[in-house]
Amino acid sequence: QKEVEQDPGPLSVPEGAIVSLNCTYSNSAFQYFMWYRQYSRKGPELLMYTYSSGNKEDGRFTAQVDKSSKYISLFIRDSQPSDSATYLCAMSANDYKLSFGAGTTVTVRA
Amino acid sequence: DAGVIQSPRHEVTEMGQEVTLRCKPISGHDYLFWYRQTMMRGLELLIYFNNNVPIDDSGMPEDRFSAKMPNASFSTLKIQPSEPRDSAVYFCASSLGGMTSATQYFGPGTRLLVL
């Protein structure tokens, strides 16, 4: 079993819809949770960063962490075609080693 | 800020040849990471450095892979000899230690194809 599980999709939604992405993990030592966005043929870029449990909102993006369930989510409201990308969850314990999910490919149709 | 710089952006080589990938981290960042991304295995951490010192190389797949960081502004990842299964996109990332230690900034990657 992988340390971080993420449904690779693909996920296709109409413009304006809410995109819901999630990851589960098995390592209870993880405390830092991130979402990266990767456009085709580009490097991943940090989208959201959360420490421990709770919610974090940044514009149209909301990240949720439920450590009791070992489950994290990313919601994108009012999705735009420019949101079309692969979204990778990542997490880390108290060191600098990130464990990534497989990534979910999202397409937002105009 | 120019961000993390990697070169070359694309590399095509033949099996058995030596391949050297280069990375310039963001100025002032004290952590540097090398990753490999494939469709089958996703994004995997190969090795990371702190203040030019290798901290964890447990992700380096074989002795054919080696990485160095001679100074704070330059790192190399070398594969010798290369094999077709090394074909992947190799990313370099850097970060600044501290509260945002897990915030890593990725370069554009080097696409390696070994024939």
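Heads up: the sequence lines are chains G and W, in that order.
Residue numbers for the first sequence follow my numbering, so the first one is 419 and each next one is one higher.
Residue numbers for the second sequence follow my numbering, so the first one is 934 and each next one is one higher.
Ideal Cβ placement from N, Cα and C applies to all residues, glycine included.
For W/Leu-979, the closest C-alpha among the options W/Phe-1007, W/Leu-1048, W/Gly-1030 and W/Val-1022 is that of W/Val-1022. Taking a contact to require three or more Cβ pairs closer than 8 Å, the stretch 956-973 of chain W and the stretch 494-513 of chain G do not qualify as touching.
Taken atom to atom, the span from the alpha-carbon of G/Pro-462 to that of G/Val-422 is near 17 Å.
By the rule that beta-carbons nearer than 9 Å mark a contact, W/Val-937 touches chain G. With respect to chain G, the C-beta atom of W/Ser-1015 has no partner C-beta closer than 9 Å. In this structure W/Glu-951 is exposed. Its beta-carbon is surrounded by fewer than 16 other beta-carbon atoms within 10 angstroms. G/Leu-464 reaches chain W at Thr-1036, Gln-1037 and Tyr-1038, counting residues in chain order whose Cβ is nearer than 8 Å.
Using a Cβ-Cβ cut-off of 9 Å, G/Gly-519 counts as an interface residue toward chain W, since at least one Cβ of chain W sits closer than that to its own.
Shown in chain order are the members of the stretch 467-485 of chain G whose Cβ falls below 8 Å from a Cβ of chain W: Tyr-467.
Taking the Cα positions, W/Ser-999 is about 28 Å away from G/Cys-507. Just measuring C-alpha positions, the residue of W/Pro-1014, W/Ser-1006, W/Pro-987 and W/Asn-1004 sitting nearest W/Glu-995 is W/Pro-1014.
Of all residues in the stretch 430-454 of chain G, only Tyr-450 and Met-452 come within less than 7 Å of chain W when Cβ atoms are compared, listed by chain position. Between W/Pro-1017 and W/Met-948 the beta-carbon gap is near 6 Å, inside 8 Å, which marks them as a contact. Chain-order list of chain W residues neighbouring G/Lys-515: Leu-978, Tyr-981 and Asp-989, by C-beta distance under 8 Å. Contacts with chain G (Cβ-Cβ distance below 9 Å) from the stretch 945-966 of chain W involve Tyr-964 and Phe-966, listed in chain order. The alpha-carbon separation between W/Val-986 and W/Met-1002 amounts to approximately 7 Å.
Under the Cβ distance rule, G/Leu-506 counts among the residues neighbouring chain W, one pair being separated by less than 9 Å. Between G/Leu-439 and G/Tyr-454, the CB-CB gap reaches or exceeds 9 Å.
In the structure shown, W/Arg-1018 falls within a helical segment according to DSSP collapsed to helix, strand and coil.
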